[in-house]
Each structure stands twice: as structure tokens, then as C-alpha cells.
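All letters in the sequence shown, in the order written, are residues 13 to 190 by this note's numbering.
Using N, Cα and C, we set each Cβ at its ideal position, and we do this for glycine too.
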Amino acid sequence: MSVVGNSGSGKSTLGRALAARLGVPFVELDSIHHLPGWEPIGVDEFRKTVGAIVDGDGWVIDGNYSAVRDLVWARADTVIWFDLPRRTVIRQVLWRTIRRGVTREELWNGNRERLSSVFRLDPQESVVRWAWTRHRVYRERYSRAAAERTEVEFIRIRSHKDAARLLKVSPTFRNKPA
Numbered sequence: 013m014s015v016v017g018n019s020g021s022g023k024s025t026l027g028r029a030l031a032a033r034l035g036v037p038f039v040e041l042d043s044i045h046h047l048p049g050w051e052p053i054g055v056d057e058f059r060k061t062v063g064a065i066v067d068g069d070g071w072v073i074d075g076n077y078s079a080v081r082d083l084v085w086a087r088a089d090t091v092i093w094f095d096l097p098r099r100t101v102i103r104q105v106l107w108r109t110i111r112r113g114v115t116r117e118e119l120w121n122g123n124r125e126r127l128s129s130v131f132r133l134d135p136q137e138s139v140v141r142w143a144w145t146r147h148r149v150y151r152e153r154y155s156r157a158a159a160e161r162t163e164v165e166f167i168r169i170r171s172h173k174d175a176a177r178l179l180k181v182s183p184t185f186r187n188k189p190a
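Okay, here's the thing in C-alpha cells:
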């Protein structure tokens, strides 16, 4: 199962809950991609690591990385797409970034968000700005994919109520054989 959507939309929260319910590993692609000091992992190593994960029998993977999407979607039978309104995403990512900046919460490999990133204009330096600029990109990308990828079930989450309803049902899935 693949969970995609904008930063701060709720992918990780829902992904963790679904993985726990299904009894399968939960994997945040960010935790693999971001080495210490926010250095990106090399593409070959990223693909090798993700390839080994998706060869497993069951998993829930959270992330939008085009470098590994083909690997993940080749084995996933379900893609959950968070498509919340931009104002909701920005509100959520803003508060999350402020909380993480104040508490100095460690994310992955010693990396921490800085409170000052809220005020940066470069999307590469501000997750808030990234979420703003990527909203339309993701909506177009996943709308197109949902129409074209008929072998994969796309579940579009447009609200927190949609996510709560999804958690109430007992999803079952079998990743496609390698």
C-alpha cells in the first residue's frame, strides 16, 4: 500500500495507523532519503533500499519520490492519495513545523526542522513553501495516475472525515508478487 500526497496532509499518521491495523511494516521514504545533515541519499542506493523493502510480503509506504515510484507502485495494489484543500494542508504543515521547531523533535538520522524555515521563500528550505508550491503539482500528477493506472486501486482522501472512514473499514491487500 502506497500513501501519497502533500507534505503535512496526514500521510504518515494514516500510514502508521493502517500498517498497525494490517500488521505490516510502515516505511517513511523521507527516513531513507534524508541522511544526516539533510543530505540526500544517492539515487542508486535509494532504489536498492526501497527495492528490498517492496520485495517483502506486506508494507505501507509513505512518500512521493519519483525516483522510486515505479518500484513501489509495481508491487502495491492500493494507492491512498491525500488530496486535501490547500488551506488545510498549509495550516497543518505550518503548525507541525512550528511544533517541531520549538520542541527540536528529531525526524530522521539526527535531522530536525528549524523554526526559521517557516519564513524562508525557497521551497527547498521551507516545508511550508514546498507544500504550497507542490499542491497543484500533486493534484495533477495523481489525478492523471488514478485515471491511467487501472491495475492499482486509488483511494482519494479529500478530508479528515474520509481518512477516518477509511480507518473504520478493514482494508486488506496483498502486494503483487515480484
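### Where G63 sits in the DSSP three-state scheme
Position 51 of the sequence shown, counting from 1, holds the residue named residue 63. Helix, per DSSP.
### Message
Among V62, D42, L34, V66, whose alpha-carbon lies nearest the alpha-carbon of N121?
### Response
Sequence index remark: in the sequence shown, residue 121 carries index 109 (1-based). The candidate whose alpha carbon is nearest that of N121 is D42.
### Message
Which residue wins for smallest C-alpha separation from E152, given the options E163, A175, D95, E137?
### Response
Taking the first residue of the sequence shown as 1, we reach residue 152 at position 140. Of E163, A175, D95, E137, the residue nearest in Cα terms is D95.
### Query
Closest by CA to S129, which one among W107, Y150, R146?
By one-based count along the sequence shown, residue 129 stands at place 117. Of the candidates W107, Y150, R146, the one whose C-alpha sits nearest the C-alpha of S129 is W107.
### Task
Report the residue from D174, I73, L83, G68 whose alpha carbon sits nearest the alpha carbon of V55.
Here residue 55 corresponds to residue number 43 of the sequence shown, with the count starting at 1. Among D174, I73, L83, G68, the Cα nearest to that of V55 is on L83.
### Task
Keeping to the same chain, check which residues put their C-beta closer than 8 Å to that of R116; ignore five residues upstream and five downstream.
One-based indexing of the sequence shown puts residue 116 at position 104. Cβ neighbours of R116 beyond the five flanking positions: R124.
### Task
Rounded to whole angstroms, what's the CA-CA distance from L119 to I53? Just pull it up for me.
By one-based count along the sequence shown, residue 119 stands at place 107. By one-based count along the sequence shown, residue 53 stands at place 41. Taking the straight line from one Cα to the other gives about 16 Å.
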